[in-house]
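Read the structure below first, then the notes.
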Amino acid sequence: MIVKALVSYDGFNYAGWQKQENALGIQQVIEEALYKITKENVDVVASGRTDAGVHAFGQVFHFETNKNIPAIQYERALNALLPKDIRILKTEEMPDDFHARFSAVGKRYDYYCSYDIKNPFNYKYRNLLTKKLDIEAMKNASKVFLGSHDFTSFASSKIDPRKPRVKTISNIEIIEEGMDVHFIFEGTGFLRYQVRMMTGTLIAVGQHKIGVDDVQRMLDAKDKSACRYNASSCGLYLVEVKYNETN
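In the working numbering, the protein residues as written are 2 to 248.
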């Protein structure tokens, strides 16, 4: 049986999604809980990896099991074993051809900044700002990223060279919400660090350090060294993974 799970987590206490030898990943915590339930060595496959400190409202993973347990019951069983900063929102049985990563057709990431630097809780969940941003300038610059582009300049140098660098971004919104600045990025998918690097670049625009032409030159360069901006991980949230209606 293939089980699809929707999970939300606070990434502050973890070294990212992926299980690691010398640090605690969210994947490891979930797999250990599944072993207690199924007594099987279950491999959990996510829609994509999130880095250390990154949060999720709507990460998706799947696993395969031979255990005769209705898929819907894994939600309650896992939540009884998982720490409170990892919560399973939904579990359901899927067709045999479902894959959390390869079946995905789109993703949404949100990024939060805050001017409220005196709030002692914000440092875990917001990128703190000390100067007012020019929102209109950032909105104008964000148009450079819309559409299908090679985002090599806005990606980690550690990405497998065989992995396609072309991604399609369908929507970018930048909204002031009280003391927060809220970014929304929607697209077919994103390279490692892409959202954080685009956000960091747009913040630099908002601080009048660079202009729209500079952003365009970075994108056109298709060169990892072209962009030196990378917003902190704490403000990033994986909000939604999109699938076709059949998934």
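C-beta atoms are modelled at their ideal positions from N, C-alpha and C, and glycine is treated no differently.
Run of the beta strand (DSSP E) containing residue i, from where it starts to where it stops
| i | result |
| --- | --- |
| Leu-147 | Premise fails: Leu-147 is in no beta strand (DSSP E) and is neither H nor E. |
| Leu-90 | 87-95 |
Bridge-paired residues (DSSP) for residue i
| i | result |
| --- | --- |
| Val-43 | In DSSP, Val-43 forms no bridge with anything. |
| Arg-109 | Glu-187 and Glu-241 |
| Glu-65 | Ile-3 |
| Gln-60 | Val-8 |
| Ser-115 | Leu-129 and Asp-181 |
| Lys-168 | His-150 |
| Glu-33 | Note: Glu-33 sits in no beta bridge, so no partner. |
| Glu-174 | Ile-185 |
Residue i, DSSP secondary structure in three states
| i | result |
| --- | --- |
| Ala-323 | In the structure as shown, the chain begins at 2 and stops at 248. Residue 323 is therefore absent and cannot be evaluated. |
| Ala-78 | helix |
| Ala-101 | coil |
| Cys-228 | coil |
| Asn-123 | helix |
| Ser-157 | coil |
| Ser-234 | helix |
| Ile-70 | coil |
| Lys-210 | coil |
| Lys-20 | coil |
| Glu-137 | helix |
Supposed contact pair residue j and residue i - C-beta distance, whole angstroms, cut 8 Å
| i | j | result |
| --- | --- | --- |
| Ala-16 | Gln-28 | 10 Å between Cβ atoms; not a contact. |
| Tyr-113 | Tyr-126 | 7 Å |
| Leu-83 | Ile-31 | 7 Å |
| His-209 | Asp-135 | 6 Å |
| Gly-207 | Ala-138 | 6 Å |
| Thr-200 | Ala-156 | Between Ala-156 and Thr-200 the Cβ distance is about 14 Å, and since that is not below 8 Å, they are no contact. |
| Leu-192 | Arg-166 | 7 Å |
| Leu-239 | Gln-21 | Not quite, the Cβ-Cβ distance comes to about 19 Å (not below 8 Å), so this is no contact. |
Residue i at chain B interface by Cβ criterion, 9 Å
| i | result |
| --- | --- |
| Ala-53 | This model lacks chain B altogether; it includes just one protein chain. |
N-terminal and C-terminal residue of the alpha helix (DSSP H) that residue i is part of
| i | result |
| --- | --- |
| Ala-24 | From DSSP, Ala-24 is part of no alpha helix (DSSP H); its letter is neither H nor E. |
| Gln-217 | 213-222 |
| Arg-1 | Given a span of 2 to 248 for the chain in the structure shown, any question on residue 1 remains unanswerable. |
Exposure of residue i, with buried meaning 16 or more beta-carbon neighbours within 10 Å
| i | result |
| --- | --- |
| Thr-51 | buried |
| Thr-202 | buried |
| Arg-109 | buried |
| Glu-76 | buried |
| Asn-128 | buried |
| Tyr-36 | exposed |
| Gly-12 | buried |
| Gln-195 | buried |
| Val-106 | exposed |
| Ile-176 | exposed |
| Thr-92 | buried |
| Met-179 | First, the residue type needs correcting, since residue 179 is Gly and not Met in the sequence shown. The residue in question, Gly-179, is exposed, as its Cβ has fewer than 16 Cβ neighbours within 10 Å. |
| Asp-111 | buried |
| Ile-173 | buried |
| Lys-68 | exposed |
| Ser-104 | buried |
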